[in-house]
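These notes are about the structure you will find just below.
Protein chains: 2
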Amino acid sequence: MTITIKDVAKVANVAPSTVSRVIANSPRISERTKERVREAMKELDYHPNFNARSLANKNTKTIGLVMPNSANKTFQNPFFPEVIRGISSKAHQLDYGLYLSTGQTEEEIYEEVQDMVQGRRVDGIILLYSKMNDKVMNYLYKEKFPFSVIGRPYDPNMKDVTYVNNDNFKAAKNVTEYLLLLGHRQIAFVGGNLDTVVTIDHMEGYNQALLNADISPRSDYVVFHEELQEGGQEAVIDLMSLSERPTALIVADDIMTFGVMRMLNEMEVKVPDDISIISFNNVMISELSSPPMTTVDINIFSLGFEAANCLIDRIIHPLTDAKKVIIPHKMIKRQTCKRFSPKVTT
Amino acid sequence: MTITIKDVAKVANVAPSTVSRVIANSPRISERTKERVREAMKELDYHPNFNARSLANKNTKTIGLVMPNSANKTFQNPFFPEVIRGISSKAHQLDYGLYLSTGQTEEEIYEEVQDMVQGRRVDGIILLYSKMNDKVMNYLYKEKFPFSVIGRPYDPNMKDVTYVNNDNFKAAKNVTEYLLLLGHRQIAFVGGNLDTVVTIDHMEGYNQALLNADISPRSDYVVFHEELQEGGQEAVIDLMSLSERPTALIVADDIMTFGVMRMLNEMEVKVPDDISIISFNNVMISELSSPPMTTVDINIFSLGFEAANCLIDRIIHPLTDAKKVIIPHKMIKRQTCKRFSPKVTT
Chain L
1 MTITIKDVAK
11 VANVAPSTVS
21 RVIANSPRIS
31 ERTKERVREA
41 MKELDYHPNF
51 NARSLANKNT
61 KTIGLVMPNS
71 ANKTFQNPFF
81 PEVIRGISSK
91 AHQLDYGLYL
101 STGQTEEEIY
111 EEVQDMVQGR
121 RVDGIILLYS
131 KMNDKVMNYL
141 YKEKFPFSVI
151 GRPYDPNMKD
161 VTYVNNDNFK
171 AAKNVTEYLL
181 LLGHRQIAFV
191 GGNLDTVVTI
201 DHMEGYNQAL
211 LNADISPRSD
221 YVVFHEELQE
231 GGQEAVIDLM
241 SLSERPTALI
251 VADDIMTFGV
261 MRMLNEMEVK
271 VPDDISIISF
281 NNVMISELSS
291 PPMTTVDINI
301 FSLGFEAANC
311 LIDRIIHPLT
321 DAKKVIIPHK
331 MIKRQTCKRF
341 SPKVTT
Chain W
1 MTITIKDVAK
11 VANVAPSTVS
21 RVIANSPRIS
31 ERTKERVREA
41 MKELDYHPNF
51 NARSLANKNT
61 KTIGLVMPNS
71 ANKTFQNPFF
81 PEVIRGISSK
91 AHQLDYGLYL
101 STGQTEEEIY
111 EEVQDMVQGR
121 RVDGIILLYS
131 KMNDKVMNYL
141 YKEKFPFSVI
151 GRPYDPNMKD
161 VTYVNNDNFK
171 AAKNVTEYLL
181 LLGHRQIAFV
191 GGNLDTVVTI
201 DHMEGYNQAL
211 LNADISPRSD
221 YVVFHEELQE
231 GGQEAVIDLM
241 SLSERPTALI
251 VADDIMTFGV
261 MRMLNEMEVK
271 VPDDISIISF
281 NNVMISELSS
291 PPMTTVDINI
301 FSLGFEAANC
311 LIDRIIHPLT
321 DAKKVIIPHK
331 MIKRQTCKRF
341 SPKVTT
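Sequence order for the protein chains is L and W.
The first sequence finishes on residue 346 if you use full-length UniProt numbering, and the numbering steps up by one all the way, no holes.
The second sequence finishes on residue 346 if you use full-length UniProt numbering, and the numbering steps up by one all the way, no holes.
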């Protein structure tokens, strides 16, 4: 037998309409009555119909998560479960549920997002990536729908956007400076997809550090590949085919670095004796490479946690200014970087 | 300006109630009228309110995903993103959305599931794990709520449960037989959490293969740890402290195997020269160990894809029998197994 609002009303000794108002958390009902009704609900194990409640409250207590469009492959990057774990942790605290995009192509995801927004399926959206000229971000911005971004909008005119990011420019500048201090001058940069904002920020930080040290950036020392092991392998082929091989690599992503190290190992190029490597992200498995990789911990969990926090804040207080949060990064020194020692060429 | 049902009705030249019926896909409306109304919706870029539609249709077109209770740490196992990718792919095909559990403890998840079911937040649920005496599974079974399980119910009396599983008994038996054929007699088994059904099935397959070869299973050769790199490291300490060390290990999970190999490397025990290792799952990064691990591909994507397929089938046809699908496994031979060669003890 299904428990209804009428049963709850009877036990709490109020009118059924009062029960409805308690479910909608109406300010017109006293706290004392609310408590009595909630106790009756608990006693009868009554759970309000989610959709009726959402219609009445005009909210869904649900956050939509939008993955990058190449979800197919990059979904496997351990960055995503960890960022979702952070989001999940904050959402649970504040009693929000998570709704996941499932589209495989950019177009499918765009349609899904329109449905989420116009169908009021969610109260707000978190974009788990940030790229240039993103149709989805432009749409959410135009619709003034609450959203937060992991990363940052590329367009400087998009001022009213809530985002949570690392200082990726500074992080890349720092690691380049570290390699310079170790005596390296031939430092290459292996970036991720060129349309993501983090790639641009990394590259600019890397260039700035080189310029500060009076080294002209070389275009053949900068390559871009997919943030997967295969991308790393391709990057090594690009760079090790050069007549002047780099002595140090900055790699945008730990999973790419696994691919880089695998390929160097096949070529019998020793890390860190022949080449130093520094990576980004510090995903769970990054310490499992051999040797364990030096990488930048970007605090993925906090990126997710804060993105959920800021979004929910914006949902509840739509008139406040957009928040811009920078999560600190930290270099984790393991065993893939070494002082440069010139070799006698044979 | 918000587009309403009335606007759509005007353009399609029908009554507003007809538009509502088209949204609810009522059989009382002709296909021709449906098409006309849908065209008008598209023209006006009208998206029906999701909650109103759900109330009217008495369905949500949403699937709830329930993670294991120790989500905190095992969520990072690449098994989960890959199984969700499989679910996502099928769900998208059939126009279902995904709703993710966010609870961190068993009790929190149990409450969430009650809310999903009684609040009609989802049409069905997929359990991404299977363990003994699972409160959530018992609840769903009792409520006769549509659900499917990745794995299988442990209780043989739970007959009417839809599940998608590998033949884990056979897979473990096969890998044990393979190691026996390579001449190993001292084969240890590193299992996952002892309350999960897959661990029981693995252990029974391992025992059966040993018994068939007239080897008595030794209790000190069987250990259980968390399916994380730390668990693998602890397992190595257990097993390498024995006076008679095993010459081969069967490890329940690739991430554990990374931990196992890391610890063996520290102890300067060589894989596969001193000890052979065979693992389970074949997660994306499993080939990145050094040397690359031999493992059993359990086809994680298909487990998810089929679990979504069977669940949606059950949602649409509630009176059909529960489906039990077995996804084939396949051993992927890489470089961690070697013929046993007795060593001269010094």
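No residue lacks a Cβ here, since even glycine has one placed at the ideal position from N, Cα and C.
Values in this document were obtained by computation on a predicted structure and should not be read as measured data.
Identification of chain W residues near residue 52 (chain L) by a Cβ-Cβ cut-off of 7 Å yields 55, ordered along the chain.
Between the beta-carbon of residue 8 (chain W) and that of residue 40 (chain W) there is about 5 Å, and that keeps the pair under the 8 Å contact cut. CA-to-CA, the gap between residue 31 (chain L) and residue 25 (chain L) works out to about 10 Å. One Cα belongs to residue 34 (chain L), the other to residue 100 (chain W), and the distance between them is close to 29 Å.
Contact check for residue 117 (chain L) against residue 145 (chain L) passes: the beta carbons are separated by less than 8 Å. In this structure, DSSP gives residue 223 (chain L) an extended state, which the three-state scheme calls strand.
The beta carbon of residue 284 (chain L) falls within 8 Å of a beta carbon belonging to chain W, placing the residue at that interface. With distances taken between CA atoms, residue 229 (chain L) lies nearest to L:260 out of L:237, L:260 and L:217. In this structure, DSSP gives residue 258 (chain W) a helical state, which the three-state scheme calls helix. Inclusion of residue 294 (chain W) and residue 330 (chain W) in the CB contact set at 8 Å is not warranted, their separation being larger than that value. Residue pairing by DSSP places residue 289 (chain W) opposite no residue, since no beta bridge is assigned to it.
At least 8 Å separates the CB of residue 86 (chain L) from every CB of chain W. Interface annotation for the stretch 90-106 of chain W against chain L: 91, 92, 97, 98, 99, 100, 102, 103 and 104, criterion Cβ-Cβ distance under 7 Å. Excluding its 5 nearest sequence neighbours in each direction, residue 306 (chain L) has C-beta neighbours in its own chain below 7 Å: 164, 325 and 327, listed in chain order. Counting along the chain, residue 54 (chain W) sits inside no beta strand (DSSP E); it lies in the alpha helix (DSSP H) bounded by residues 50-57. Apart from sequence neighbours up to five positions away, the residues of its chain that approach residue 205 (chain W) with a beta-carbon distance below 8 Å are 168, 169, 170, 171, 172, 173, 174 and 176, ordered along the chain. Boundaries cannot be given for residue 132 (chain L), as no beta strand (DSSP E) includes it and DSSP labels it neither H nor E.
Of all residues in the stretch 259-270 of chain W, only 259, 261, 262 and 265 come within less than 9 Å of chain L when Cβ atoms are compared, listed by chain position.
With the criterion set as a beta carbon lying under 7 Å from some beta carbon of chain L, the members of the stretch 216-249 of chain W are 229, in sequence order.
Contact between residue 312 (chain W) and residue 94 (chain W) holds, since their C-beta atoms are separated by about 5 Å, short of 8 Å. The shortest C-alpha to C-alpha distance from residue 202 (chain L) to any of L:81, L:136, L:279 and L:135 is the one to L:279. Following the DSSP letters along the chain, one finds residue 173 (chain W) inside the alpha helix (DSSP H) bounded by residues 168-181.
It is roughly 11 Å from the alpha-carbon of residue 212 (chain W) to the alpha-carbon of residue 180 (chain W). With 16 or more other Cβ atoms inside 10 Å of its own Cβ, residue 248 (chain L) counts as buried. Residue 165 (chain W) carries a strand assignment under DSSP once its states are collapsed to helix, strand and coil. Not a single C-beta of chain W is nearer than 8 Å to the C-beta of residue 16 (chain L). In the structure shown, residue 188 (chain W) adopts extended strand secondary structure according to DSSP, grouped into three states. Bridge pairing for residue 157 (chain L): absent [DSSP]. In the three-state DSSP reduction, residue 331 (chain W) falls in the strand class (E or B). For residue 115 (chain W), the residues of chain L that pass the 8 Å Cβ criterion are 47 and 50, in the order they occur in the chain. Secondary structure at residue 326 (chain W): strand, using DSSP grouped into helix, strand and coil. In terms of beta-carbon proximity, residue 341 (chain L) stays away from the interface with chain W, with every pair separated by 8 Å or more. For residue 11 (chain W), the secondary structure class from DSSP, reduced to helix, strand or coil, is helix. Runs of the beta strand (DSSP E) lying entirely within the stretch 66-152 of chain W, each at least 3 residues long, are 97-100, 124-127 and 147-150 in chain order. Contact annotation, residue 127 (chain L) with residue 150 (chain L): C-beta distance approximately 7 Å; criterion of less than 8 Å satisfied. By the rule that beta-carbons nearer than 8 Å mark a contact, residue 81 (chain L) touches chain W.
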